[in-house]
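Just so we're aligned: 1606 in this note's numbering is position 571 of the sequence shown, and the numbers increase by one with no gaps anywhere.
Glycine included, each C-beta is placed from N, C-alpha and C at the ideal position.
Just so we're clear, the structure is a prediction, and the values are computed from it rather than from any experiment.
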Amino acid sequence: MVSEDNVIEDSASVEDDFDGDDYDYDDGGDYYDDDYGDAGDDDDDYGLVEDDDVDDPGAMVSRRPKLGYTVLQEADIKQRQEDDISKVSTVLSLSQVEATILLRHYNWNVNEVHDEWFSDEERVRKSVGLFERPVVDVSDASKFTCGICFDLLPCDNFASASCGHPFCRECWQGYICTSINDGPGCLLLRCPEPSCKAAVGPDMIDKLAPCEEKEKYSQFLLRSYIEDNREAKWCPAPGCENAVNFAVGGGDFDVTCLCSYRFCWNCTVEAHRPVDCETVTKWMLKNSVDGENVNWILHNSKTCPKCKRPIEKNQGCMHMTCTPPCSYEFCWLCLRAWSSHGVATGGFYSCNVYEAEMQKGNVDAEMRREMAKNSFEKYTHYYERWASNQSSREKALEDLNRMESENMEKLCNVQCTTMSQLKCITEAWLQIVECRRVLKWTYAYGYYLPEHEKTKTQFFEYLQGEAEAGLERLHRCAEKELDKYVTADGPLSDFDDFRTKLTGLTSVTKTYFENLVRALENGLEDVNSTACNKIVSPRSPASPRSPTGRNGKGRGSRGKESPRAGGSPKNVDDTSK
């Protein structure tokens, strides 16, 4: 067995296996110079490896495009909302209330408001409910009869929207409070007069609603600025009140909120790059309880031959009796009537005869059950590994937090070093957390790979295996080997060697995952039968630069050898101990 110390000197990116280009890593680990947790640096953790450094063409440079999104806190949202209202109010010479009603009607799209208004102002006013003058003139009256409670009251007890229809303040308050308590529909509130379409704006709410309802209305109005905006969405993390404004067409949908939660802006599921949103949606539905009920029923039950209801066998005897009112008795093996199963009829001893089953047309049902069983086993295979990587990622996050809060200072004191020299440890754990996320979603990707595309499947499994092997080495080094330096009684002479090894493993693992992400985002289009035959050929000699060893047989091989690297490693749940 090759020592893992040789990994650092022998490892090279698997990219040259397919493209012929060589990529080296820098032991200094400069690719994480910025704080990983910042939203700005987290957007493209696995950009393509490019040779942008003219002076050092072998250096690994991560592609980091400009941010295509902005994280908005509540104060930022309010400011943007007020700016848009002021802009519309100034350009169209309207009051702040009228501008608010207009923007809300057009989903806070300033450009659309301007276009529609200048195109046909009268039509816009009519559809939105902005009246230039009251349709009811009650200026000369000293008392009014409320149209809701029919009380005759002095004029100072009445209020009206822009239409002028008078209603008493008590009825207005009840009408407004009921609408606000019913939900965000209160933002489209109209005059209580059945035939009137005049809009009820925020000014009426401020004047007539109690404090609690005013606060609710303000929250509905604020949230509508995000929820009705096609370029903004709320962060889906529990308890987070931030929003993300995304520049549509900005590329990668993975965004990181200020609360450190990373998610896909397009579908609001946790970040799942390189797997597309459609695949994630299907996979999450598959994982739901209802999604697998059908498969479980097919795998563990049979249908009654008479009433066609599914029946689960809960005793050892093959004599089945369906529940009332059916009460049909039949044989579990052949699904024929139990009355034909007896010594006298000769039926009882013929259930195991396959030829007889074929003649009776029952083979199709058996094949369907077998196919359902195989489908269930395939799903279980991928789901277990998907879930295992999720668990490993959560555990890695806990280990990272514990390392930063408890062990880093202790390690500094024990090994007589500085925090800056321990940066590689934090980088390694951050790399592990991100790689676990990527690896988790590659199993969802693998589940939906068409079975007839053998070449793509083999290429995918090769890249996934190399990435997984590198991650397991890095995770073991950070989790197991680091512990002896934390618990040591004094400084150890080989600590600098350990830091160099950890930095190298971090760099190599990052390169493996960059190759994997790039291939999956390209739909594995770069693969061809010749390249794949090289990958899986059992006679291909192992390269001396193989990351998993000079004999080409890496830990956890799946029985395949490659010309450049060892076979794919064991799955996460097999190697993590």
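Cβ neighbour criterion (16 or more within 10 Å) applied to residue i
| i | result |
| --- | --- |
| G1075 | Annotation note: pLDDT 39 at G1075 (below 50); position unreliable, no value reported. |
| Q1350 | exposed |
| T1541 | buried |
| A1504 | buried |
| P1309 | buried |
| E1507 | buried |
| G1274 | exposed |
| N1628 | Outside the shown range of the chain, which is 1036 to 1612, sits residue 1628, and nothing can be said about it. |
| T1358 | exposed |
| T1565 | Note that T1565 scores a pLDDT of 42, beneath 50, so its modelled location is shaky and nothing firm can be said. |
| K1689 | With the chain covering 1036 to 1612 only, the question about residue 1689 has no answer from this structure. |
| L1187 | exposed |
| F1185 | exposed |
| Q1466 | buried |
| T1356 | exposed |
| Q1499 | buried |
| K1212 | One detail in the question is off: residue 1212 reads as Cys in this sequence, not Lys. C1212 is buried by the Cβ-count criterion. |
| L1320 | exposed |
| D1325 | The predicted position of D1325 is uncertain, since its pLDDT is 48 and thus under 50; a value taken from the coordinates is nonetheless stated next. Exposed is the call here. |
| Q1116 | buried |
| M1239 | buried |
Distance between residue j and residue i (C-alpha atoms, nearest Å)
| i | j | result |
| --- | --- | --- |
| K1341 | Y1363 | 7 Å |
| R1158 | Q1108 | 36 Å |
| C1299 | N1424 | 19 Å |
| K1178 | N1301 | 57 Å |
| L1457 | H1510 | 16 Å |
| K1588 | Q1493 | Reliability fails at K1588, whose pLDDT of 39 lies under 50, so the model's placement of it is uncertain and no value is given. |
| A1278 | T1522 | 43 Å |
| P1485 | P1360 | 44 Å |
| P1345 | F1495 | 38 Å |
| V1106 | S1295 | 11 Å |
| L1432 | W1464 | 8 Å |
| R1160 | V1315 | 44 Å |
| K1251 | S1427 | 41 Å |
| K1262 | R1225 | Contrary to the premise, residue 1262 reads as Glu rather than Lys in this sequence. Whole-angstrom Cα-Cα distance: 21 Å. |
| F1365 | C1339 | 8 Å |
| L1129 | C1221 | 22 Å |
| F1281 | K1545 | 27 Å |
| E1313 | R1420 | 20 Å |
| C1206 | S1230 | 18 Å |
| V1543 | V1290 | 25 Å |
| V1552 | W1318 | 19 Å |
| H1149 | E1556 | 40 Å |
| E1412 | Y1141 | 51 Å |
| Y1260 | E1276 | 13 Å |
| W1143 | C1190 | 36 Å |
| N1550 | V1145 | 43 Å |
| D1241 | N1442 | 54 Å |
| W1269 | N1436 | 26 Å |
| A1577 | Y1497 | Residue confidence for A1577 is low, a pLDDT of 36 falling below 50, so the modelled location carries little weight; the figure read from the coordinates is stated next. Rounded to the nearest angstrom, the two C-alpha atoms are 14 Å apart. |
The ligand ATP heavy atom lying under 6 Å from the CB of residue i
| i | result |
| --- | --- |
| W1464 | What this structure holds is no ligand at all, so the ligand ATP is not there to describe. |
For residue i, the first and last residue of its enclosing alpha helix (DSSP H)
| i | result |
| --- | --- |
| F1365 | Where F1365 is concerned, there is no enclosing alpha helix (DSSP H), although the beta strand (DSSP E) it sits in stretches over E1364 to C1366. |
| H1149 | V1145 to S1154 |
| N1550 | F1530 to E1556 |
| N1322 | C1312 to N1322 |
| L1517 | Per DSSP, L1517 belongs to no alpha helix (DSSP H) and is neither H nor E. |
| K1122 | E1109 to L1127 |
| K1242 | P1237 to L1243 |
| R1265 | Here R1265 belongs to no alpha helix (DSSP H), and DSSP marks it neither H nor E. |
Cutoff 7 Å: residue i Cβ touching any chain D Cβ
| i | result |
| --- | --- |
| A1479 | As a matter of chain content, chain D is missing from the structure shown, which is built from one protein chain. |
Whole-Å CB distance - residue i paired with residue j, under 8 Å assumed
| i | j | result |
| --- | --- | --- |
| A1134 | I1120 | 5 Å |
| Y1474 | A1502 | What sits at residue 1474 in the sequence shown is Leu, not Tyr. With 8 Å as the limit, L1474 and A1502 qualify as a contact, their Cβ atoms being about 7 Å apart. |
| C1292 | A1272 | 6 Å |
| S1197 | A1244 | Contact doesn't hold; Cβ gap of about 18 Å is too wide. |
| D1434 | E1305 | Between E1305 and D1434 the Cβ distance is about 20 Å, and since that is not below 8 Å, they are no contact. |
| I1112 | L1257 | 6 Å |
| V1132 | P1237 | 6 Å |
| L1138 | V1126 | Contact flag wrong, Cβ pair sits at about 12 Å. |
| C1181 | F1202 | 5 Å |
Residue i - containing beta strand (DSSP E), residue span
| i | result |
| --- | --- |
| F1495 | Run containing F1495: none in the beta strand (DSSP E); it sits in the alpha helix (DSSP H), K1489 to R1511. |
| C1212 | From DSSP, C1212 is part of no beta strand (DSSP E) but of the alpha helix (DSSP H) over R1204 to D1217. |
| T1452 | First-last for T1452: undefined, no H or E at that position. |
| E1347 | P1345 to E1347 |
| C1246 | C1246 -> not in any beta strand (DSSP E); alpha helix (DSSP H) instead, spanning C1246 to E1262. |
| H1354 | H1354 to T1356 |
| V1290 | D1289 to T1291 |
| L1188 | L1187 to P1189 |
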